[in-house]
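Novice:
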Ligand SMILES: O=C(O)CCC(=O)C(=O)O
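Residue numbers (the UniProt record's numbering): 1 to 266.
Structure, rendered in structure tokens:
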């Protein structure tokens, strides 16, 4: 039987706004560092919009065309090192628009899934520059169903519940979540894990762009709501081990999916 466990490495990266070249170099350095550690991870994850940051006024010029550069680099890395890779999200130009898109890869470099951010964040003018996704995002991790969301999406519990009902046992959340809303970030991520009895794996950026400070605090939260790993506000790699068997145990202990009364509230 294949293992239910996965070792994770979350790359909490400082992103240079509007500097894809610098960001690619930094991402490659951190990816290499992650696989060079003694305890090699099974899965590596990057933060949101790591290629460009929120350089929205130049996003049509800076975004990765059809995601080709990112996909080629990440697929080759996944294959070379035999790791799963949730490639954070990138600004991707496609069909005359720019999307905030995750690409995820399997251990042979095959693309496991993609997701375009559904809920665009008006506080940062995303809706003026980006196109919204129109589909939820799922992938299979060595056979286990998982979901993908991006940053602001965590404010929409319906999205998590939909994925949980479809059998998802973990959700990956790349983010660029800034000050002063650390309490929202931590509370929402923990609530989503508890109410859906699943792992929530969230990789935030750190550093500062203009006046905006990103506090990091990437987190891995188990299906009981325990924070099993959390970064501080500095650049670095957060590691944790998850075990999908714990999802089944928690769902058996408090059987919320059997106790739901959807006819009363859906
Ligand atoms: O919802 C928030 O407070 C932050 C969301 C955000 O920064 C984003 O979606 O990029």
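No residue lacks a Cβ here, since even glycine has one placed at the ideal position from N, Cα and C.
(1) Which word fits residue 68, buried or exposed, when buried means at least 16 other C-beta atoms lie within 10 angstroms of its C-beta?
(2) Report back the beta-carbon spacing between residue 13 and residue 158 to the nearest angstrom; my notes put them in contact at under 8 Å.
(3) If residue 4 and residue 252 are in contact, beta carbons under 8 Å, what's the gap, nearest whole angstrom?
(4) Would you say residue 202 and residue 219 are within 7 Å of each other, going by their C-beta atoms?
(5) Along the chain, which unbroken stretches of the beta strand (DSSP E) at least 3 residues long are found entirely within the region 190-261?
(6) Compute the Euclidean distance between the alpha carbons of residue 1 and residue 143, then round it to the nearest angstrom.
(7) Whose CB is closer than 7 Å to a heavy atom of ligand 1? List the residues in chain order.
(8) Is residue 132 helix, strand or coil when you go by DSSP?
(9) Please give the ranges of any alpha helix (DSSP H) in the region 91-139, keeping only runs that are unbroken, at least 4 residues long and fully inside the region.
(10) Using a Cβ distance threshold of 8 Å, determine whether the region 211-226 contacts the region 19-33, with at least three qualifying pairs required.
(11) Note down, in chain order, each residue of its chain lying with its Cβ closer than 8 Å to the Cβ of residue 37, except the 5 sequence neighbours on either side.
(12) Can you give me the C-alpha to C-alpha distance between residue 105 and residue 70, rounded to a whole angstrom?
(13) Pop quiz: residue 250 and residue 197 are said to be a contact at Cβ under 8 Å. What is the actual Cβ separation, rounded to whole angstroms?
(14) Mind checking residue 165: buried by the 16 CB within 10 Å criterion, or exposed?
(15) Let me know the secondary structure DSSP gives residue 171 once reduced to three states.
(16) Count the other CB atoms within 10 Å of the CB of residue 47; is the residue buried (16 or more) or exposed (fewer)?
(17) Write down the C-beta distance between residue 168 and residue 146 rounded to the nearest angstrom, noting that I regard them as a contact closer than 8 Å.
(18) Apart from the five residues just before and just after residue 212, which ones in its own chain have a Cβ nearer than 6 Å to its Cβ?
(19) What does residue 65 pair with, by DSSP beta-bridge criteria?
(20) Do you know whose CA, among 40, 200, 266, lies nearest residue 171's CA?
(21) In whole angstroms, what separates the C-alpha of residue 18 from that of residue 255?
(22) Which residue comes first and which comes last in the beta strand (DSSP E) that contains residue 146?
(23) Mind checking which residues open and close the alpha helix (DSSP H) that includes residue 267?
(24) With 16 other CB atoms within 10 Å as the buried threshold, where does residue 21 fall?
Specialist: Let me lay it out:
(1) The sequence position of residue 68 within the chain shown is 68, counting from 1. Exposed, by the Cβ-count rule.
(2) Looking up residue 13 in the chain shown gives position 13. Looking up residue 158 in the chain shown gives position 158. The Cβ separation is near 30 Å, so there is no contact.
(3) The count along the chain shown starts at 1 and reaches residue 4 at position 4. The count along the chain shown starts at 1 and reaches residue 252 at position 252. No, residue 4 and residue 252 are not in contact; Cβ-Cβ is about 15 Å, not under 8 Å.
(4) Counting from 1 along the chain shown, the entry for residue 202 is found at position 202. Counting from 1 along the chain shown, the entry for residue 219 is found at position 219. It is a contact, given that the beta carbons lie within the stated cut-off.
(5) 199-204, 206-209, 212-215, 219-221, 227-230, 236-243
(6) Start at 1 with the first residue of the chain shown, and residue 1 comes out as number 1. Start at 1 with the first residue of the chain shown, and residue 143 comes out as number 143. Any reading at residue 1 is ruled out, since the residue's pLDDT is 48, under 50, leaving its predicted position unreliable.
(7) 48, 121, 123, 124, 126, 150, 151, 152, 155, 175, 176, 177, 178, 181, 184
(8) Position 132 of the chain shown, counted from the first residue, corresponds to residue 132. In this structure, residue 132 counts as coil in the three-state DSSP scheme.
(9) 126-129
(10) no
(11) Taking the first residue of the chain shown as position 1, residue 37 is located at position 37. These residues qualify, in order along the chain: 9, 237, 239.
(12) Your numbering for residue 105 matches position 105 in the chain shown. Your numbering for residue 70 matches position 70 in the chain shown. The alpha-carbon atoms of residue 105 and residue 70 are separated by roughly 11 Å.
(13) On the chain shown, residue 250 is found 250 positions in, with the first residue counted as 1. On the chain shown, residue 197 is found 197 positions in, with the first residue counted as 1. Confirmed, about 5 Å.
(14) For the purposes of this step, residue 165 is taken as residue 165 along the chain shown, with counting starting at 1. Per the 10 Å Cβ criterion, exposed.
(15) In the chain shown, counting from the first residue as 1, residue 171 sits at position 171. Strand at residue 171.
(16) One-based indexing of the chain shown puts residue 47 at position 47. The residue is buried, with at least 16 neighbouring Cβ atoms inside 10 Å.
(17) Taking the first residue of the chain shown as position 1, residue 168 is located at position 168. Taking the first residue of the chain shown as position 1, residue 146 is located at position 146. Indeed they touch by this definition, with Cβ atoms about 6 Å apart.
(18) Working through the chain shown from its first residue, we reach residue 212 at position 212. Closer than 6 Å at Cβ, skipping near neighbours: 178.
(19) As a working mapping, residue 65 is identified with position 65 in the chain shown. DSSP lists 93 as partners of residue 65.
(20) For this step, residue 171 is matched to residue 171 along the chain shown. Among 40, 200, 266, the Cα nearest to that of residue 171 is on 200.
(21) Here the question's residue 18 lines up with position 18 in the chain shown. Here the question's residue 255 lines up with position 255 in the chain shown. So the two alpha carbons sit approximately 47 Å from each other.
(22) Start at 1 with the first residue of the chain shown, and residue 146 comes out as number 146. Taken as a continuous stretch (DSSP letters only), the beta strand (DSSP E) holding residue 146 covers 144-148.
(23) With the chain covering only 1 through 266, there is no way to say anything about residue 267.
(24) Position 21 of the chain shown, counting from 1, holds the residue named residue 21. With fewer than 16 other Cβ atoms within 10 Å, it is exposed.
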